[in-house]
Amino acid sequence: MRRLPVYLVLDTSGSMHGEPIEALKNGVQVLISTLRQDPYALETAYLSIITFDSSVKQVVPLTELSMFQMPDLKANGTTALGEALSVLAKTVDSEVQKTTVKDKGDWKPLIFLMTDGAPTDDWQKGLNEFKKHKYGMVIACAAGQNANTSILKQITETVVQLDNADSGTIKAFFKWVSASISLGSQKIESGGQEISGLSELPPPPPEVNIVL
Amino acid sequence: MDFEKIIAYLNIQPEDKEKLAEFFEREEIREFLLQEWEVFLKTDCSPVEEDIINNENCISDNPDNDINMAMIPNIPEDEETKARQTVNNQYTDSKDNDLDRKLKSKHIQLQNGKVNQAYQCLFDITVFDIADIGDFELVGLEEIGLKFNPLTDLIEGIPNKAGDHRIILKCKRSEWAEGDPIFERPITLIINPDPRSLWNNIPTPTSIEYYKPDSDCKYVKVEKTKGIFGLGKKEQKDIVAASQRGRSHAHEGTPRDDDFSITHQDEEGWYIMTVADGAGSAKYSRQGSLIACQTVSDICNTQFSKYNKEADELIKDFEKDSSDVKRKKLGDALYNIIGSAVFKAYKNIEKEAQDKENQLKDYATTLLVTVSKKFKFGWFVAAFWVGDGGIGIYNKETQYLKIMGEPDGGEFAGQTRFLTMPEIMQPTEIYKRLRFEIVEDFTALILMSDGITDPKFETDANLNRIEKWNKLWEDITSSVDLTDDNENSAEQLLQWLDFWSQGNHDDRTIAILY
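Going down the list, the protein sequences come from chains A and B.
Just so you know, we're using this note's numbering here: the first sequence kicks off at 772 and counts up by one.
Just so you know, we're using this note's numbering here: the second sequence kicks off at 122 and counts up by one.
Here it is as structure tokens:
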């Protein structure tokens, strides 16, 4: 079984307190219940959640969609984005099976990173760690106007911005994430093709703006 | 948070503004506020209760208020006029309040289950470490086929309904008496659907361009040799093939992209088989695979009729003397027959694309070809292979296995080569992809698309492992009766193609010479 690993890297710093963190939890919940109805995703997608605030935690290790349990997310502290990137790199390295002559490994992981602010740690160091590994699509999401898109642009080509971090907008973002994961697993199961660019993803909703 | 407004609202000293942020960040403050908020919401949405209280207040506030009883009509005796009680405020007791708050703030989770699969989950209420919880029950389990066993603390059963189910944990305080509150805490229990039940099977609309039936199968019966006066009749190998649209296509109502062709020349004795897998990403690949199979089959047919004698001579020569010179001579001849058939297939697809003003890559397809013939000394088998999938000569008795080429796996998963790539249609590339072999006999010569090799072999390296072929053969023959001249086996083979393999739902096509 070749898995499609999906990593959600989520900002849970103090600025996410209140509506944004509730919206985030809700968004993840919607994501899971939608994907559980999709036969492609249910069979191939594996999900992990890494949160970052003052420190970085993998709150859910890479888990089969059907066994996924919603973690309790709380917002407080600063924004250790750099550390999040290096933890992500390490985690992907240890959790995702590589393809060898004998075994077909997992599909390349899809990464969705979401932040509402600017990093407060040495992000450049984390970025260097991150760049050492190979991923499938990496999509960074700037939630609201306070997020630093120019830093996100250095992490990945594909950056989207939400006008604000209210529940409707965050929900729209997660619906799009869910549709993207569905499409990714569909492409894999029907023809062994991976998603390779933003143009192959479903069109984002009006709340989600592509940062050029 | 707008602290300026809060400062104004609470009348706080502006210099304490910094501390205010810290204050609101504290978990217990937040919980307390939320708690109060919930109480506020609850009291706010019970207008009836409030009305009554207000009325009472009115009366008690004005003890001297003289009501003229005669002015009011008699009270009718019905439900509406039952003397109303004020609802007990469940937050009056601070101990209750505390228990309820603790219960609500706990992160309680139940392990996910799967429909129609035995479920067992330990539910030990003591781990929540809430003092003085007494009796409790879990409401909502029975409706979905589960029950809680208080002796073992296990939730058990076979869930019969998929979904996010709301189970209510109802708790009583240890010294509970009638009229005391019962505390409730909803818990979500996730029961996953059976993935098989989620797959739709939508027929492909016949109105689409290049419509192709969702499945196909064929049997080529080569009857026993006549013998002399009915004696010495000999069985001859037959061909069976089947092709089934993948679940991923059936789910979307999109067409099958695979194709095949099988034929036998009764005169010259050549068996010609092809299997092609149209690329999932190419919009007319179903036609690409069809043109490829038909063209190669037709051209090989005519060429072998025309050059049958020459081919036979070269093969016999090679059998006697398998020197490089003879090998080269035979290879060149096969290049002229099979190679030109493959090249013509490419040209035909190119022409179709031009006629319809489409791109050549819209018709991208892989192609597997074998031509084989029985001689006195054994079987001659030649093959051409571009793309993924597999061709193998398998002998169950002798455990002989020969893979007739190399799958174009590509450096990364999902990258393959297609017949429609101009760089593949170069003489050296075509030549490189030709293989031929003389074998004494075989159980089966099998061509299959990656819809079968992916689930059955997993990796390209495994394609060379005889154990995998043994397993495949056992699997096929357990449901397909591959005896001589059994025409029913085509339908059986098609049925077999429906096997379940998680995450593998591509089109599946197989052709077997046996």
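Glycine included, every Cβ here is placed at the ideal spot set by N, Cα and C.
Beta-carbon contacts of residue i that lie in its chain and below 6 Å, excluding the five residues immediately before and after
i	result
Ile180 of chain B	In this prediction, Ile180 of chain B scores a pLDDT of 40, lower than 50, which makes its location untrustworthy; no coordinate-derived value is stated.
Asp627 of chain B	Gly367 and Gly572
Gln357 of chain B	Val343
Lys494 of chain B	Gly390, Trp391 and Phe501
Ser82 of chain B	The structure shown does not extend to residue 82 of chain B, since chain B is modelled only from 122 through 635, so no value can be given for it.
Val248 of chain B	none
Thr574 of chain B	Gly510 and Gly511
Ile311 of chain B	Asn233 and Asp285
Met908 of chain A	Leu881 and Ile966
Lys903 of chain A	none
Residue span of the alpha helix (DSSP H) that contains residue i, given as start and end
i	result
Thr416 of chain B	Ser406 to Lys427
Lys345 of chain B	Where Lys345 of chain B is concerned, there is no enclosing alpha helix (DSSP H), given that its DSSP letter is neither H nor E.
Ser921 of chain A	Thr920 to Ile926
Pro316 of chain B	Pro316 to Leu319
Arg368 of chain B	Arg368 to Glu373
Leu451 of chain B	Asp445 to Leu455
Asp219 of chain B	Ser215 to Ser226
Ser599 of chain B	Ile587 to Ser600
Tyr467 of chain B	Ser461 to Asp476
Ser967 of chain A	From DSSP, Ser967 of chain A is part of no alpha helix (DSSP H); its letter is neither H nor E.
Ala283 of chain B	Run containing Ala283 of chain B: none; DSSP gives neither H nor E here.
Limits of the unbroken beta strand (DSSP E) element including residue i
i	result
Leu568 of chain B	Ala565 to Met569
Leu555 of chain B	Leu555 to Val560
Glu500 of chain B	In the sequence under discussion, the amino acid at residue 500 of chain B is Trp, which differs from the Glu named in the question. Trp500 of chain B -> beta strand (DSSP E) spans Gly499 to Val507.
Tyr392 of chain B	Tyr392 to Asp398
Glu258 of chain B	Ile254 to Val260
Ile276 of chain B	Leu275 to Gly278
Val801 of chain A	Taken as a continuous stretch (DSSP letters only), Val801 of chain A belongs to no beta strand (DSSP E), being part of the alpha helix (DSSP H) at Glu790 to Leu806.
Closest residue to residue i among the options (Cα-Cα distance)
i	options	result
Ala851 of chain A	A:Ile959, A:Asp892 and A:Leu884	A:Asp892
Val417 of chain B	B:Lys447, B:Asp380 and B:Asp387	B:Asp380
Thr519 of chain B	B:Ala474, B:Phe539 and B:Glu588	B:Glu588
Leu568 of chain B	B:Tyr340, B:Asp315 and B:Gly511	B:Gly511
Phe578 of chain B	B:Phe563, B:Ser599 and B:Asp509	B:Asp509
Ser949 of chain A	A:Pro791, A:Ser786 and A:Pro810	A:Pro810
Leu489 of chain B	B:Leu411, B:Lys441, B:Lys495 and B:Pro576	B:Leu411
Leu555 of chain B	B:Phe244, B:Thr346 and B:Ala503	B:Ala503
Lys861 of chain A	A:Glu835, A:Ile981, A:Asn899 and A:Pro975	A:Asn899
Met542 of chain B	B:Leu615, B:Gln480, B:Arg306 and B:His372	B:Gln480
Gln156 of chain B	B:Gln613, B:Leu220 and B:Gln134	B:Leu220
Trp878 of chain A	A:Thr927, A:Ile821, A:Ala846 and A:Gly955	A:Gly955
Asn422 of chain B	B:Phe439, B:Val446, B:Ile458 and B:Ser444	B:Ile458
Ile910 of chain A	A:Lys903, A:Ile922 and A:Thr927	A:Thr927
Gly401 of chain B	A:Gln895, A:Ile981 and A:Glu965	A:Glu965
Glu431 of chain B	B:Lys450, B:Val446 and B:Trp594	B:Lys450
Pro890 of chain A	A:Arg774, A:Leu781 and A:Met772	A:Leu781
Arg317 of chain B	B:Ala371, B:Tyr521 and B:Ile308	B:Ala371
Ser953 of chain A	A:Gly876, A:Leu833 and A:Ile803	A:Ile803
Own chain residues within Cβ distance below 8 Å of residue i, not counting five before or after
i	result
Ile551 of chain B	Tyr456, Gly460, Val463, Phe464, Phe505 and Ile545
Glu854 of chain A	Phe823, Ser826, Val827, Asp892 and Gly897
Asn281 of chain B	Val236, Asn237, Ile265 and Gly266
Gly374 of chain B	Asn321, Ile323, Pro324, Thr325 and Pro326
Close Cβ partners of residue i (< 7 Å) along its chain, the five nearest in sequence each way excluded
i	result
Arg407 of chain B	Tyr331, Lys333, Pro376, Arg377, Asp378 and Gly399
Ile383 of chain B	Lys339, Val341, Ile360, Ala362, Met394 and Ala632
Tyr212 of chain B	Only weak support exists for where Tyr212 of chain B lies, its pLDDT of 48 falling under 50; the value from the coordinates is given anyway. Excluding residues within five positions, the ones whose Cβ falls inside 7 Å are Val160 and Asn218.
Ala943 of chain A	Pro976, Glu978 and Val979
Ala474 of chain B	Gln480, Leu481, Asp483 and Tyr484
Pro314 of chain B	Val236 and Ala283
Ser622 of chain B	Pro576
- Item | Residues, ordered as in the chain, of the segment 222-234 of chain B that lie near chain A by beta-carbon distance below 7 Å | His228, Gln230 and Asn233
- Contiguous alpha helix (DSSP H) assignments of at least 4 residues, all confined to the segment 813-874 of chain A: 852-866
- Under 8 Å (Cβ pairs) to chain B, residues found in the segment 788-812 of chain A: His788, Gly789, Ser804, Arg807, Gln808, Asp809, Pro810 and Tyr811
- Message: To be precise: take each residue of the segment 566-593 of chain B, compare its Cβ to all Cβ atoms of chain A, and keep it if any distance is under 9 Å. Which residues remain?
- Response: Against chain A - using a Cβ distance shorter than 9 Å - the residues of the segment 566-593 of chain B are Asp571, Asp575, Glu579, Thr580, Asp581, Ala582 and Asn583.
- Task: For the segment 824-845 of chain A, enumerate the residues whose C-beta is nearer than 9 Å to any C-beta of chain B, in chain order.
- Result: Leu836, Ser837, Met838, Phe839, Gln840, Met841, Pro842, Asp843 and Lys845
- Item | Short-range partners of chain A found in the segment 320-340 of chain B, where Cβ spacing is below 9 Å | Flagged, chain order: Trp320 and Asn321.
- Item | Chain-ordered residues of the segment 960-973 of chain A with a beta carbon less than 7 Å from chain B | Glu960, Ser961, Gly962, Gly963, Gln964 and Glu965
- Message: Extract the residue ranges of the beta strand (DSSP E) inside the segment 509-534 of chain B, only unbroken runs of 3 or more that lie entirely within it.
- Response: For the segment 509-534 of chain B, whole beta strand (DSSP E) runs of length 3 or above, ordered along the chain, are 511-516 and 521-524.
- Task: Below 8 Å between beta carbons is the criterion; list the residues of the segment 604-634 of chain B that meet it against any residue of chain A, in chain order.
- Result: Gln623, Gly624, Asn625, His626 and Asp627
- Task: Taking a Cβ distance cut-off of 7 Å, strictly less, list which residues of the segment 947-961 of chain A are near chain B, in chain order.
- Result: Correct list: Gln957, Glu960 and Ser961.
- Query: Listed in chain order, which residues of the segment 889-913 of chain A have Cβ atoms closer than 7 Å to some Cβ of chain B?
  - Reply: none
- Query: Unbroken alpha helix (DSSP H) runs of length 4 or more, entirely within the segment 876-959 of chain A: which are they?
  - Reply: 894-902 and 920-926
- Message: If the cut-off is 9 Å on Cβ atoms, which residues from the segment 137-155 of chain B count as contacting chain A, listed in chain order?
- Response: Ala142, Phe145, Glu146, Glu148 and Arg151
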